[in-house]
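The structure under discussion appears below in the form of structure tokens.
Protein chains: 2
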Amino acid sequence: MGSWLEDRLLGAAGSVIDGWAWLSGKASAVVVNRAVAVTRNRPHPFSTFADYTCWQGLTDRSYLARHLPPADVPVQPPEADLRALFARPAGQALLSPKSTCLFPAFAQYLTDGFIRTKMNNVAQTTSNHEIDLCTLYGRTPDQARALRLGADVSGKRGRLKSQFVGAEEFSPFLYLPGTKDLSDPAFAVLDTPLVDDSLPSPRRDTLFAVGGDRVNSTPHTAMINTLLLREHNRVAAELEARNPTWDDERVFQVARNIIIVIFIKIVVEHYINHITPLPFSLRADPTVAWDAAWNRPNRMTVEFSLVYRWHSLMPDSIAWPAGPKAVAHDIALADFLQDNRPLLAVGLDAAFSGAAAQAAGELGALNTSAALLHIEDRAVSQARTNRVATYNAYRVAFGMEPATSFADISTNPEIAALLENLYGSPDRVEFYPGLMAEDRVEDSPLPGLLLRIVAVDAFSQALTNPLLSEHVWNEATFTPWGFELIGATSKLGDVLARNVPKRGPTPIEMTRPGWSYTDN
Amino acid sequence: MGSWLEDRLLGAAGSVIDGWAWLSGKASAVVVNRAVAVTRNRPHPFSTFADYTCWQGLTDRSYLARHLPPADVPVQPPEADLRALFARPAGQALLSPKSTCLFPAFAQYLTDGFIRTKMNNVAQTTSNHEIDLCTLYGRTPDQARALRLGADVSGKRGRLKSQFVGAEEFSPFLYLPGTKDLSDPAFAVLDTPLVDDSLPSPRRDTLFAVGGDRVNSTPHTAMINTLLLREHNRVAAELEARNPTWDDERVFQVARNIIIVIFIKIVVEHYINHITPLPFSLRADPTVAWDAAWNRPNRMTVEFSLVYRWHSLMPDSIAWPAGPKAVAHDIALADFLQDNRPLLAVGLDAAFSGAAAQAAGELGALNTSAALLHIEDRAVSQARTNRVATYNAYRVAFGMEPATSFADISTNPEIAALLENLYGSPDRVEFYPGLMAEDRVEDSPLPGLLLRIVAVDAFSQALTNPLLSEHVWNEATFTPWGFELIGATSKLGDVLARNVPKRGPTPIEMTRPGWSYTDN
Chain A
1 MGSWLEDRLL GAAGSVIDGW AWLSGKASAV VVNRAVAVTR NRPHPFSTFA DYTCWQGLTD
61 RSYLARHLPP ADVPVQPPEA DLRALFARPA GQALLSPKST CLFPAFAQYL TDGFIRTKMN
121 NVAQTTSNHE IDLCTLYGRT PDQARALRLG ADVSGKRGRL KSQFVGAEEF SPFLYLPGTK
181 DLSDPAFAVL DTPLVDDSLP SPRRDTLFAV GGDRVNSTPH TAMINTLLLR EHNRVAAELE
241 ARNPTWDDER VFQVARNIII VIFIKIVVEH YINHITPLPF SLRADPTVAW DAAWNRPNRM
301 TVEFSLVYRW HSLMPDSIAW PAGPKAVAHD IALADFLQDN RPLLAVGLDA AFSGAAAQAA
361 GELGALNTSA ALLHIEDRAV SQARTNRVAT YNAYRVAFGM EPATSFADIS TNPEIAALLE
421 NLYGSPDRVE FYPGLMAEDR VEDSPLPGLL LRIVAVDAFS QALTNPLLSE HVWNEATFTP
481 WGFELIGATS KLGDVLARNV PKRGPTPIEM TRPGWSYTDN
Chain B
521 MGSWLEDRLL GAAGSVIDGW AWLSGKASAV VVNRAVAVTR NRPHPFSTFA DYTCWQGLTD
581 RSYLARHLPP ADVPVQPPEA DLRALFARPA GQALLSPKST CLFPAFAQYL TDGFIRTKMN
641 NVAQTTSNHE IDLCTLYGRT PDQARALRLG ADVSGKRGRL KSQFVGAEEF SPFLYLPGTK
701 DLSDPAFAVL DTPLVDDSLP SPRRDTLFAV GGDRVNSTPH TAMINTLLLR EHNRVAAELE
761 ARNPTWDDER VFQVARNIII VIFIKIVVEH YINHITPLPF SLRADPTVAW DAAWNRPNRM
821 TVEFSLVYRW HSLMPDSIAW PAGPKAVAHD IALADFLQDN RPLLAVGLDA AFSGAAAQAA
881 GELGALNTSA ALLHIEDRAV SQARTNRVAT YNAYRVAFGM EPATSFADIS TNPEIAALLE
941 NLYGSPDRVE FYPGLMAEDR VEDSPLPGLL LRIVAVDAFS QALTNPLLSE HVWNEATFTP
1001 WGFELIGATS KLGDVLARNV PKRGPTPIEM TRPGWSYTDN
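From first to last, the protein sequence lines are chains A and B. With my numbering as the guide, the letters of the first sequence map in order to residues 1 to 520. With my numbering as the guide, the letters of the second sequence map in order to residues 521 to 1040.
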């Protein structure tokens, strides 16, 4: 077998990640380097610009790179037929033993920042190809400017625009109540939120003016952005107090340095740690990337924009918690969209606590809620438009043996039979359905090939962020206070505790309480 | 001393670059890695965006990176006083024992492709930060489109627009004769040539429609672009003939892959080899960069845009050769501008032969022609506006000892005295005057600090081009025929021989005939 996943416990027990390495912090470096080494380094020769390698394909970042060249897959079952593979039987949500709803909430917010496929042309992207928190700060300097308070007066330097609802700070509302008129003419440069044009006024009135066009998608994505907004403004206040000669611009820019890196710390130390099947915690150690052969310019791939469609993680309804202006109630998934009223009603601590208190769905086939099935159609179609190669081609590209039987893909006979009926041969299975049909890796919320692809792209892109690079990762960039704050932050709960009037009793975790690893 | 320059002969003789390494081709890798290792790797923490490290400074490529943070230099003599340091005594041009005029011609064309400081804001750039031949193809896909013939008909696929004057192919003229009206409405997206607004019609009529706004600067820069235009169209014809199913787009894109890499080969194997004091030839071996810790995203620096102001390389007049429509004559430097008539009159082979037959000026103080002295003022001013640190700060940053006396900078007593009079102390000497005042390195046309900076940026940026990367550098990217053509091309003369009706007797070299290395 020999892959980093299969021998994870062997490694942890001694042969690869020995006691010394673990104590010295080197275990993370071993895991990261082995995870990335399963496939080819960037730059990728292929992109969605052309079927062959060329200068514009290599450099025009409005196109996506690709791990494998385009291919014509032999069988493309009608999307309606494929729904049988994805659809969750009514009322029979399969729940994850490991994940809370904070996991899909964070995954969605994170990936909305860099998987930014154009809606009208799935070969193109508006991504900056970096973890830059464009969800909070916008994609461009102009958008950042519109979101900034921009007041170079003492006590307000470096802040993002915000409003207070009671003791709770939120982004400003984007529209004037009951209208589609912007509340602030500066917001005209922002990307228009991806919401229904016919969204009724009570919901539209609560949309936030933010950096990302998908931040308002659900109260959960808005919740995470709100947390980072508060942390930005809190950090800006601290920086201003500690550096009274700094102007608005410098306070803003250095606060952004700190917030982006705090976010990357959470990506690795909270989110990736939840994803891996490893019973020990990886650290976000920038030094692992400094000499790595995989430290190459980041570029989103067409495959990466397909692996993150984790619709089955969503239960059929969200158990919304009680708060100052609301009693606890279930919100059907179809209503958990484009509406920040639930968040405003209960406040940030209750919203996070609710997400961490509810089990997520299990990722995989036969578990997508009816409310989201139409999005599975879009994923299938996106892969076909971009001529993504077969599932087996990607198994090979990421260091796995090709599946020679349907049982190699799923040990669930119902799923294997559905695949056989749709494709006839394992070699004909399409990338996206195959990816989602696989068994989950023991102790991970993800199936095997998907886990490998996520690991490669997560590590090789997060840890090569310019703010973590050899001559930037230091106290001069973040201030000594900021560098210490970064070091002291690993999880969303660390940030939440600093930014709510009162922290509740629920631990803010992506892993369910009582979870234990198989061999621990 | 211990630097790669000082022990070049030691190395060549045995201890560092031994016989085995030389035979196996490893000598180039040793030299390249040692040259780049004299200073810090990218990403640089500082940029012209702000005086501190921040996300926009790290990522907004309309600003320049900087090797050292901004500093306030203590003494800024009036530019008029500094002219005494640069000015060539009338009629006493110091000629280079090593370089022909092909050397400055190529240096100017090369650097006009990526040192693209904005004229109205010297902190900003329009550079793509890569060797991408934007001089030939434009900076943007729109500009490339305007320059392409775009005819998807057999026999014309993948070509750039051109015209024939007799048997000689040139770019189309940009303007209709006697007017400022574009000859082709598509040319409206091109960057306007940086020429005098009052340029008289006979000269304006001969400006070419090209990718770079500085290609028409002199008949020498236009000559090099013309050579690459012909090679592109020749390669496109070959690709079309060998791949009859390819459309216009593919022929163009693959021809561009080949031409960019041919150009990089010439940069390393012709131009850099002329610059180094090494008596053996470096090879453009892409593999040296594949695992290198200096393989990081390219970014032009504020210092790099100052080190390439080699005005003293120009003699006071250019000895223009005879040709079908012209007799040999001298063109004063002030007239050798924005006028392609001399090139059109003699054709490409005569123009190259003339450049290779005339000695260049010697780079350094007291040798800038009166016609170019006003540009030295601009260089001094550009460094000051960008608050570039002192000359000694850069000596230290690039691994040299700081100068403790003026004799450490120049052994010419007149130059040392001028510096002392201007600055009082070696620590106060500004970057640009110090750089140009130094003694030349034995057997190199460049002085020491300048040579180090050029070597770092040349190797670490040229060899990290995406077309040379590990999974792109192969026959699939260039076709087997194209890959062989690249391998067979080292020098400008190789390309010229393929693209003129008749090659003359003059070798097309940057090094003067009869030049020999000191210890050879």
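Built from N, CA and C at the ideal position, the CB exists for glycine as well.
is_contact[residue i, chain D] using C-beta, thresh 7 Å
i, result
"B:Ser-721", "Absent from the structure is chain D; the protein chains it does hold are A and B."
Beta bridge counterpart(s) of residue i as assigned by DSSP
i, result
"B:Val-685", "B:Glu-688"
"A:Asp-330", "A:Ala-319"
"A:Leu-160", "A:Arg-148"
"A:Tyr-63", "A:Gln-124"
"B:Arg-960", "B:Pro-967"
"A:Phe-103", "For A:Phe-103, which the question treats as bridged, DSSP gives no partner whatsoever."
"A:Leu-182", "A:Tyr-175"
"B:Ala-1008", "Paired residues: none, contrary to the question."
Supposed contact pair residue j and residue i - C-beta distance, whole angstroms, cut 8 Å
i, j, result
"A:Asn-367", "A:Leu-94", "5 Å"
"B:Leu-630", "B:Val-787", "6 Å"
"B:Val-992", "B:Val-808", "No, B:Val-992 and B:Val-808 are not in contact; Cβ-Cβ is about 15 Å, not under 8 Å."
Proximity test, Cβ basis, 7 Å: residue i and chain B
i, result
"A:Cys-54", "yes"
"A:Asp-291", "yes"
"A:Glu-238", "no"
"A:Asn-225", "no"
"A:Asn-33", "no"
"A:Pro-466", "yes"
"A:Arg-256", "yes"
"A:Ser-346", "Before going further, note that residue 346 of chain A is Val rather than Ser in the sequence given. It does not: the Cβ of A:Val-346 has no partner Cβ on chain B nearer than 7 Å."
"A:Pro-413", "no"
"A:Arg-40", "yes"
"A:Thr-477", "yes"
"A:Pro-402", "no"
"A:Val-472", "yes"
"A:Pro-279", "no"
Coarse secondary structure for residue i, derived from DSSP in three states
i, result
"A:Asn-421", "helix"
"A:Asn-121", "strand"
"A:Ser-217", "coil"
"A:Pro-507", "coil"
"A:Gly-113", "coil"
"A:Gly-155", "coil"
"A:Glu-430", "strand"
"B:Pro-594", "coil"
"B:Phe-572", "In the sequence as displayed, the identity of residue 572 of chain B is Tyr instead of Phe. Here B:Tyr-572 sits in coil by DSSP."
"A:Leu-95", "strand"
"B:Pro-933", "helix"
"B:Ser-567", "strand"
"B:Tyr-695", "strand"
"B:Ala-555", "helix"
"B:Gly-658", "coil"
"A:Phe-483", "helix"
Within-7 Å CB hit, residue i to chain A
i, result
"B:Gln-981", "no"
"B:Leu-578", "yes"
"B:Gln-663", "no"
"B:Ser-989", "yes"
"B:Gln-773", "yes"
Test item: CB-CB of residue i and residue j under 7 Å
i, j, result
"B:Asp-947", "B:Asn-912", "yes"
"B:Gln-663", "B:Val-709", "yes"
"A:Ser-317", "A:Asp-330", "yes"
"A:Gly-138", "A:Leu-147", "yes"
"A:Trp-383", "A:Tyr-432", "Reading off the sequence shown, one finds Ala at residue 383 of chain A, where the question assumed Trp. Yes, the pair counts as a contact, with Cβ atoms nearer than the cut-off."
"B:Arg-776", "B:Glu-689", "no"
"B:Gln-628", "B:Val-715", "no"
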